[in-house]
Amino acid sequence: MSETDANTTDVLVIGGGTGGYSTALRAASLGLRVVLAERDLIGGTCLHRGCIPSKAMLHAAELVDGIAEARERWGVKATVDSLDWPALVATRDGIVERNHQGVAGHLRTAGVRVVKGTARLTGPRTVHVEGAGEFTARRGIVLATGSRPRLLPGLAADGRRVVTSDDALFAAGLPASVLVLGGGAIGVEYASFHRSMGAEVTLVEMAGRLLPLEDEDVGRHLARGLKKRGITVRTGSTLTGTELLADGVRATVRTPKGEELVIGAERLLVAVGRAPVTDGLDLAAAGLAADERGFVAPADWSRLETSVPGIHVVGDLLPPPSLGLAHASFAEGLLVAETLAGLPSRAVDYAAVPRVTYSSPQTASVGLTEAEARARGLDIKVNTMPLAATAKGMVHGQGGMVKVIAAADGAGGDRGLPWSNDVESLGKTGAVLGVHLVGPQVSEMIAESQLIVGWDAEPADVAQHIHAHPTLSEAVGETFLTLAGRGLHQH
3 MSETDANTTD VLVIGGGTGG YSTALRAASL GLRVVLAERD LIGGTCLHRG CIPSKAMLHA
63 AELVDGIAEA RERWGVKATV DSLDWPALVA TRDGIVERNH QGVAGHLRTA GVRVVKGTAR
123 LTGPRTVHVE GAGEFTARRG IVLATGSRPR LLPGLAADGR RVVTSDDALF AAGLPASVLV
183 LGGGAIGVEY ASFHRSMGAE VTLVEMAGRL LPLEDEDVGR HLARGLKKRG ITVRTGSTLT
243 GTELLADGVR ATVRTPKGEE LVIGAERLLV AVGRAPVTDG LDLAAAGLAA DERGFVAPAD
303 WSRLETSVPG IHVVGDLLPP PSLGLAHASF AEGLLVAETL AGLPSRAVDY AAVPRVTYSS
363 PQTASVGLTE AEARARGLDI KVNTMPLAAT AKGMVHGQGG MVKVIAAADG AGGDRGLPWS
423 NDVESLGKTG AVLGVHLVGP QVSEMIAESQ LIVGWDAEPA DVAQHIHAHP TLSEAVGETF
483 LTLAGRGLHQ H
């Protein structure tokens, strides 16, 4: 085979994170020849610097919290003598490496050719990979280059006193105090983790509530749970200045009342969002351009295809309504691979993608918030039930809630999609529009609600199904029973 033949493929994927490798695996399973170019590690941010290592650390935090609860609440005289940070890191890294090897093995078995090197576009069907030469993609190119942590202007991360979420994972040890800037999912998770590990934590968010993109009640219950654990939560507040010290930082924060607070901490963790990565990609060579935020928007959301036919985008490079979530990028990869193979594929319904924050307490949501539903002029019914109203909720003792938003009878339930071609209407009389959970382990409870929202079920559809007792999930069942007019414990 000549070099030209070897470097001609059906599909060329740039980026080996969740969106990239899922595209590659699905395309290969459909008989397409696939090349995947990755300049770093297969698995991307999620596997190596995000989802997997951070959740491993949060599991360790749960164990520490469990020992404290055993002692303080249940009379089990247990204590944590010390924390072996290198051992924790070794376990975390072992989990990451096993997953890394697993993904790499799946790609090999599927016949995907993985090329190590920085890739740049040279045309609408051609890509140059550093050290490997020029490649031609007959069917299309998939951009899956991911994202990196954002920083504030004038605030540089040094990996010790001022850190990003990436830096915090690989720090040499744990700080005694930390100021977390940003009350989105990443900031909340790191605030929760550091508090579990004994640090004094202050969490600062510019918006008026934590998780500002979630339902207002979610942010309120989450803040209550974090404050109960001793985390200082300052919403509606902005960072106005920082001073680097030999052993930490001194930050000035303006409160909603205009007060200037000086907060000292050993570490300032900046978690103000993530920025798409397009450096070195040379979008212009293929006739593309990023928007003012750095995203590459599709011209056709139902196919995730850009304005250049045959070039598709998945993952963190997509603007909203894409969510920047690993599980959303899996769905995007499946859609693009099937599109490139010439198969019909249902567009991603972003409103039906679950959103989870793995703090303590956890949050999990799917569908519209109450404010979003009202802003669309929908006639809705809302029911909220505290988890503490159930026996299992009392056992866990973390508080929390279940909140369900449904279209009122006869009102319809169209959640709204950013496309219209070849997608059947999602509207249904009285359909469930959103489910929002706060409490212990609600990340494991959201799958049921995802199906309810995704299949446009009505409360009466759910109410006929029996939830086990005693469980936390029976609060979900009771909420739907009440909306269906059959509630036993709510009126």
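Residues 3 to 493, numbered by my numbering, are exactly what the sequence shown covers, in order. Where a beta carbon is used, it is the ideal one built from N, C-alpha and C, also for glycine. Just so you know, these numbers come straight off a predicted model, no measurement behind them.
Cut-off 6 Å between Cβ atoms - residues of its own chain near residue i, not counting five sequence neighbours on either side
i: residue 364; result: 444, 445
i: residue 483; result: 465, 489
i: residue 72; result: 78, 80
i: residue 175; result: 87
i: residue 455; result: 354, 368, 369, 434
i: residue 438; result: 217, 220, 367, 405
i: residue 143; result: 14, 313
i: residue 266; result: 252
Reduced DSSP secondary structure (H/G/I, E/B, other) of residue i
i: residue 170; result: helix
i: residue 392; result: coil
i: residue 297; result: coil
i: residue 22; result: helix
i: residue 230; result: helix
i: residue 267; result: strand
i: residue 485; result: helix
i: residue 383; result: strand
i: residue 314; result: strand
i: residue 371; result: coil
i: residue 302; result: strand
i: residue 309; result: coil
i: residue 491; result: coil
i: residue 289; result: coil
i: residue 88; result: helix
i: residue 250; result: strand
i: residue 420; result: Since pLDDT at residue 420 reaches only 48, below the 50 mark, its modelled position is unreliable, and no value is offered.
i: residue 180; result: strand
Beta-carbon spacing of residue i, residue j below 8 Å
i: residue 315; j: residue 306; result: yes
i: residue 102; j: residue 171; result: no
i: residue 177; j: residue 201; result: yes
i: residue 206; j: residue 180; result: no
i: residue 141; j: residue 336; result: no
i: residue 287; j: residue 124; result: yes
i: residue 245; j: residue 236; result: no
i: residue 12; j: residue 41; result: no
i: residue 268; j: residue 250; result: yes
i: residue 38; j: residue 116; result: yes
i: residue 362; j: residue 194; result: yes
i: residue 319; j: residue 338; result: no
i: residue 352; j: residue 330; result: yes
i: residue 190; j: residue 157; result: no
i: residue 280; j: residue 148; result: no
Residues near residue i by beta carbon distance below 8 Å, same chain, minus five either side
i: residue 372; result: 217, 218, 219, 382, 384, 405, 407, 436
i: residue 476; result: 392, 394, 469, 470
i: residue 3; result: Since pLDDT at residue 3 reaches only 44, below the 50 mark, its modelled position is unreliable, and the value read off the structure follows with that caveat. So no residue of the chain qualifies.
Cβ neighbour criterion (16 or more within 10 Å) applied to residue i
i: residue 294; result: exposed
i: residue 422; result: Because residue 422 carries a pLDDT of 39, less than 50, the predicted location of this residue cannot be relied on, and the following value inherits that uncertainty. Exposed, because fewer than 16 other Cβ atoms sit within 10 Å of the Cβ of residue 422.
i: residue 389; result: buried
i: residue 233; result: buried
i: residue 348; result: exposed
i: residue 242; result: exposed
i: residue 131; result: buried
i: residue 196; result: buried
i: residue 470; result: exposed
i: residue 309; result: exposed
i: residue 396; result: exposed
i: residue 356; result: buried
i: residue 474; result: buried
i: residue 105; result: buried
i: residue 84; result: exposed
i: residue 472; result: exposed
Bridge partners - residue i, DSSP secondary structure assignment
i: residue 434; result: 408
i: residue 256; result: 240, 262
i: residue 1; result: Since the first and last residues shown for the chain are 3 and 493, residue 1 lies out of range.
i: residue 117; result: 39
i: residue 77; result: Its beta-bridge partners do not exist; DSSP assigns none.
i: residue 142; result: 13
i: residue 479; result: None; residue 479 has no bridge partner.
i: residue 207; result: 237
i: residue 364; result: 441
i: residue 359; result: 365
Sequence-distant residues of its chain with Cβ nearer than 7 Å to residue i (five each side left out)
i: residue 420; result: For residue 420, the predicted model reports a pLDDT of 48, less than 50, meaning its position is unreliable and no value from the coordinates is stated.
i: residue 9; result: 135, 136, 137, 138
i: residue 169; result: 159, 161
i: residue 108; result: 27
i: residue 485; result: 383, 385, 406, 408, 461
i: residue 448; result: 356, 358, 366, 368, 439
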